[in-house]
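Residue numbers (the working numbering): 166 to 259.
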């Protein structure tokens with residue numbers, strides 16, 4: 166299993182647009198082969214900080230997700246909404 170945590174810090178005025186794109190991303194991604202979990206979490210103390218919490222069956226299914234039509238369309242739109250670069254960490258269960 167592969168665990169991914171992608172942390173985003175949003176610009177204050179981008180929250181609504183980000184949530185619309187994130188909702189579409191989640192809806193499409195949970196249907197992908199190999200996706201066990203894909204959920205957006207919001208920091209309880211700072212509503213501009215979000216984490217996409219993902220679990221994939223393998224690095225191959227994660228790579229397929231990163232190459233999917235919806236990922237390659239939505240992520241570039243989201244990038245303009247962030248105050249800082251996205252922090253992505255990928256783990257493997259040991």
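Backbone N, C-alpha and C fix where the C-beta goes; we use that ideal spot for every residue, glycine too.
Since we're looking at a predicted model, the values are computed, not measured.
Counting C-beta neighbours from all protein chains within 10 Å, is the total for residue i 16 or more, i.e. buried, or is it exposed?
i, result
"residue 200", "buried"
"residue 166", "exposed"
In the structure shown, what three-state DSSP assignment does residue i receive?
i, result
"residue 258", "coil"
"residue 232", "coil"
"residue 174", "strand"
Could you check where the alpha helix (DSSP H) with residue i kicks off and where it finishes?
i, result
"residue 304", "Residue 304 cannot be examined here, being either before or after the span of the chain that is shown, 166 to 259."
"residue 201", "Note, residue 201: premise wrong, no alpha helix (DSSP H); beta strand (DSSP E) at 200-207."
Taking the straight line between their C-alpha atoms, what separation do you get for residue i and residue j?
i, j, result
"residue 256", "residue 203", "15 Å"
"residue 258", "residue 168", "8 Å"
"residue 219", "residue 179", "23 Å"
"residue 251", "residue 234", "20 Å"
If I follow the unbroken beta strand (DSSP E) through residue i, where does it start and stop?
i, result
"residue 246", "No beta strand (DSSP E) holds residue 246; DSSP gives it neither H nor E."
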